[in-house]
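Below you'll find the structure, written out as structure tokens, and then a few comments.
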Amino acid sequence: REKSRETADPAADSSPKLAASEHQDEAALKKNLCVKAAKEHNIPKDLNKVLENKVMETVLGLSYVKLSIVERTCSGDADSEGIVSKSISSHTDLIPGVYEGGLKIWECTFDLMDYFSEAEIEFTNKTVLDLGCGAGLLGIVALRGEAARVHFQDYNSTVIDEITLPNVVANCTSKGRRMGSGKDRKASKPPSKRPRKAEGSPDVLNRCRFFSGEWSQVSQLLLSSNEPCSKYDIILTSETIYNPDYYSALHETLAQLLDRNGRVYLASKVHYFGVGGGIYLFEKFIEEKNVFRTSLVKTIDQGLQRCIMEITFKNSC
Ligand code: SAM
């Protein structure tokens, strides 16, 4: 496996670009300079280290790192029960304004997991990308469904190191798999306080790769990698269309990384109050680009209205 590499270092090449950019739109340039570089994360050899000091809980038979402990670790304040935005602000990777929500498991993840069961989505031998993965539960479900390869991407490298990777490791151990028999996330199961040792199935991890960074940077890294990957049969993405400013990068990433006959399963709230994004705005954006066909395959009406959208290339078979 290749060592971590960065496709872009905005700080390193900012001066020449600035010097040559007299006629460029300053706002657009600023935006580019803020784009978070992409990085591939190595899987540590000693898997027990990944789970060290992690407290786990379970949901729908899957283990996940207890969030408040990560918050406290990140903030360096063992007594603080501060909210995410407070505690992440003192961590170098998670500066306010550039943290994109991956520390929390958002409810559309559960909608998409329900949909996988209802629609009997097949992951066997598929190459899968969990885009904007956060905890990575969608990718973990695909791994358990015998996907050939699962790649995880989150904006923040801290989320990958402290949450996604430990969750994958926890769910890839033989004990973790035995825990997978639980069905109902509402059933009050006592949290399993300390993670068991990661003693099994490192082969599963050979089917995984982990990336952090902004979408366009990550797709550039994937496409230019010395370890090139074929395009994805399935891209899973939950609660990633809240901000219309990101639609262009997201659309381009899907267009670049999805196999011609691949399928995107996107779960989203119908509308994100405050930020302005939502399923109909994204649907309209896609329509205007004229690259993909969309279909709303499920609507969930409890609480805030939510949807599952299936996206395929217009010229797919
Ligand atoms: N999918 C997870 C879930 O449902 O629990 C996390 C959802 S969180 C609200 C949004 C995710 O999208 C974050 O994990 C973040 O990393 C990713 N994301 C949002 N905007 C992004 C961008 N412009 N580039 C890369 N990743 C982005």
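Numbered according to my numbering, the sequence shown spans residues 1 to 317.
Cβ atoms here follow ideal geometry from the backbone N, Cα and C, with glycine treated the same way.
Source: prediction; values computed, not measured.
For residue j and residue i, the rounded distance between their alpha carbons
{"i": "E292", "j": "N48", "result": "Here residue 292 is Phe; the residue named in the question, Glu, does not match the sequence. Taking the straight line joining both Cα atoms gives about 43 angstroms."}
{"i": "H151", "j": "F211", "result": "8 angstroms"}
{"i": "K189", "j": "T109", "result": "Unreliable positioning characterises K189 in this predicted model, as indicated by a pLDDT of 40, which lies under 50. The coordinate reading is nonetheless provided below. If you take the alpha carbons of K189 and T109, they lie about 20 angstroms apart."}
{"i": "C317", "j": "Y64", "result": "38 angstroms"}
{"i": "S295", "j": "E310", "result": "5 angstroms"}
{"i": "R207", "j": "C172", "result": "11 angstroms"}
{"i": "Y280", "j": "V270", "result": "7 angstroms"}
{"i": "R196", "j": "A170", "result": "The predicted position of R196 is uncertain, since its pLDDT is 47 and thus under 50; a value taken from the coordinates is nonetheless stated next. Using only the alpha carbons, I get a separation of about 8 angstroms."}
{"i": "N125", "j": "R149", "result": "8 angstroms"}
{"i": "D259", "j": "L129", "result": "11 angstroms"}
{"i": "Q302", "j": "S225", "result": "43 angstroms"}
{"i": "V297", "j": "G278", "result": "16 angstroms"}
{"i": "N290", "j": "N53", "result": "48 angstroms"}
{"i": "F285", "j": "L266", "result": "14 angstroms"}
{"i": "F313", "j": "I43", "result": "33 angstroms"}
{"i": "Y247", "j": "L254", "result": "10 angstroms"}
{"i": "L318", "j": "E57", "result": "The requested residue 318 is not part of the displayed model; the chain covers only 1 to 317."}
{"i": "N156", "j": "S230", "result": "24 angstroms"}
{"i": "I308", "j": "F123", "result": "17 angstroms"}
{"i": "G274", "j": "Y242", "result": "9 angstroms"}
{"i": "L143", "j": "L205", "result": "9 angstroms"}
{"i": "E214", "j": "E118", "result": "32 angstroms"}
{"i": "S268", "j": "D46", "result": "36 angstroms"}
{"i": "E287", "j": "A37", "result": "29 angstroms"}
{"i": "Q256", "j": "E283", "result": "18 angstroms"}
{"i": "K66", "j": "N315", "result": "43 angstroms"}
{"i": "V35", "j": "N167", "result": "27 angstroms"}
{"i": "Q217", "j": "L112", "result": "26 angstroms"}
{"i": "L222", "j": "I300", "result": "34 angstroms"}
{"i": "G101", "j": "N261", "result": "30 angstroms"}
{"i": "T158", "j": "E40", "result": "12 angstroms"}
{"i": "A249", "j": "Y232", "result": "17 angstroms"}
Closer than 7 angstroms: residue i CB and nearest the ligand SAM heavy atom
{"i": "C307", "result": "no"}
{"i": "A255", "result": "no"}
{"i": "Y155", "result": "yes"}
{"i": "E214", "result": "yes"}
{"i": "G320", "result": "Since the first residue shown for the chain is 1 and the last is 317, residue 320 is missing from the structure and cannot be characterised."}
{"i": "A170", "result": "no"}
{"i": "K39", "result": "no"}
{"i": "V231", "result": "Note that residue 231 corresponds to Lys in the displayed sequence, not to Val. Every heavy atom of the ligand SAM is 7 angstroms or more from the Cβ of K231, so no."}
{"i": "I105", "result": "yes"}
{"i": "S238", "result": "yes"}
{"i": "V159", "result": "yes"}
{"i": "H100", "result": "According to the sequence provided, residue 100 is Glu. The question's His does not apply to it. E100: yes, Cβ under 7 angstroms from the ligand SAM."}
{"i": "T58", "result": "no"}
{"i": "G132", "result": "yes"}
{"i": "Y272", "result": "no"}
{"i": "Y64", "result": "no"}
{"i": "Y246", "result": "yes"}
{"i": "C208", "result": "no"}
{"i": "A142", "result": "no"}
{"i": "C317", "result": "no"}
{"i": "A135", "result": "yes"}
{"i": "A119", "result": "no"}
{"i": "A249", "result": "yes"}
{"i": "T109", "result": "yes"}
Coarse secondary structure for residue i, derived from DSSP in three states
{"i": "L103", "result": "coil"}
{"i": "E57", "result": "strand"}
{"i": "L143", "result": "helix"}
{"i": "N156", "result": "coil"}
{"i": "A267", "result": "strand"}
{"i": "I300", "result": "strand"}
{"i": "F123", "result": "coil"}
{"i": "T237", "result": "strand"}
{"i": "K314", "result": "coil"}
{"i": "M110", "result": "Checking the sequence shown, residue 110 turns out to be Phe, not Met. Of the three classes helix, strand and coil, the one that applies to F110 here is helix, per DSSP."}
{"i": "N290", "result": "coil"}
{"i": "E40", "result": "strand"}
{"i": "N171", "result": "helix"}
{"i": "F211", "result": "strand"}
{"i": "Y242", "result": "coil"}
{"i": "Y64", "result": "strand"}
{"i": "V128", "result": "strand"}
{"i": "D161", "result": "helix"}
Quiz prompt | Segment contact, 8 angstroms Cβ cut-off, at least three pairs: the region 137 to 151 with the region 234 to 245 | solution = Judged by Cβ distances under 8 angstroms, the region 137 to 151 makes contact with the region 234 to 245, as three or more pairs qualify.
Quiz prompt | Any 3 or more C-beta pairs closer than 8 angstroms across the region 124 to 135 and the region 155 to 169 | solution = Taking a contact to require three or more Cβ pairs closer than 8 angstroms, the region 124 to 135 and the region 155 to 169 qualify as touching.
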